């Protein structure tokens, strides 16, 4: 029972962390980064697959809810489809973090694992995100909402290479940088959690 309570608390805190860091980085500082998955990564490392999926799958819908509540801009339910990116990130992160002993061999092996996770999740997120944005642009007749990659998408659209290709290529530089930052940050948060709570709750 205690383990369940800690996991639920951890997921709630992680979701709050994702929403806060995304708001500060993308909305306040206007940096071309998403920074909305660092805590999803941390939860996946610490608590395992299902808690990570729960945090990642609910993030986009909660973000839409709070944006609508604040009345900052018009939102569309299909924006919630970006949850697929978060879930893919968790699946890949979990796959490589199931045996945490691999991360304790040497610091450079750990760094290599984290870079590999970052690159693979960047590729998956770019492809899935491009698919979602292509659907949204076609369905809503070219509508574009606030996004860290919007400027890059418009640039590629001007090259007449197609909507999906434009959305995919536009995401690559931003997503790779974002995945490197959030993967290493998530692992750092995981280390802090293990120092505070130990390995209790880890369920790879």
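In this note's numbering, the protein residues as written are 1 to 204. Glycine included, C-beta positions come from ideal geometry on N, C-alpha and C. Everything numeric in this text was worked out from a predicted model, so none of it was measured.
Using alpha carbons as the reference points, say which of the options lies closest to residue i.
| i | options | result |
| --- | --- | --- |
| residue 34 | 197, 189, 173 | 173 |
| residue 163 | 100, 130, 182 | 130 |
| residue 82 | 127, 109, 138, 5 | 127 |
What does a CB cutoff of less than 6 Å around residue i pick up in its chain, not counting 5 residues either side in sequence?
| i | result |
| --- | --- |
| residue 44 | 52, 90, 93, 94 |
| residue 204 | With a pLDDT of 40 at residue 204, under the threshold of 50, the modelled position of this residue cannot be trusted; read the value that follows with caution. Cβ neighbours of residue 204 beyond the five flanking positions: 48, 98. |
| residue 85 | 125, 128, 129 |
| residue 133 | 167 |
What three-state label does DSSP hand residue i in the structure shown?
| i | result |
| --- | --- |
| residue 34 | coil |
| residue 5 | helix |
| residue 106 | coil |
| residue 46 | helix |
| residue 99 | coil |
| residue 27 | helix |
| residue 178 | helix |
| residue 187 | helix |
Which same chain residues, not among the five before or five after residue i, have their C-beta less than 8 Å away from its C-beta?
| i | result |
| --- | --- |
| residue 9 | none |
| residue 109 | 102, 103 |
| residue 135 | 78, 81 |
Can you give me the Cβ contacts of residue i inside the same chain, cut-off strictly under 7 Å, excluding the 5 residues immediately before and after it?
| i | result |
| --- | --- |
| residue 11 | 43, 51, 54, 55 |
Look at residue i and residue j and say whether their C-beta atoms are less than 8 Å apart.
| i | j | result |
| --- | --- | --- |
| residue 36 | residue 22 | yes |
| residue 39 | residue 188 | no |
| residue 69 | residue 19 | no |
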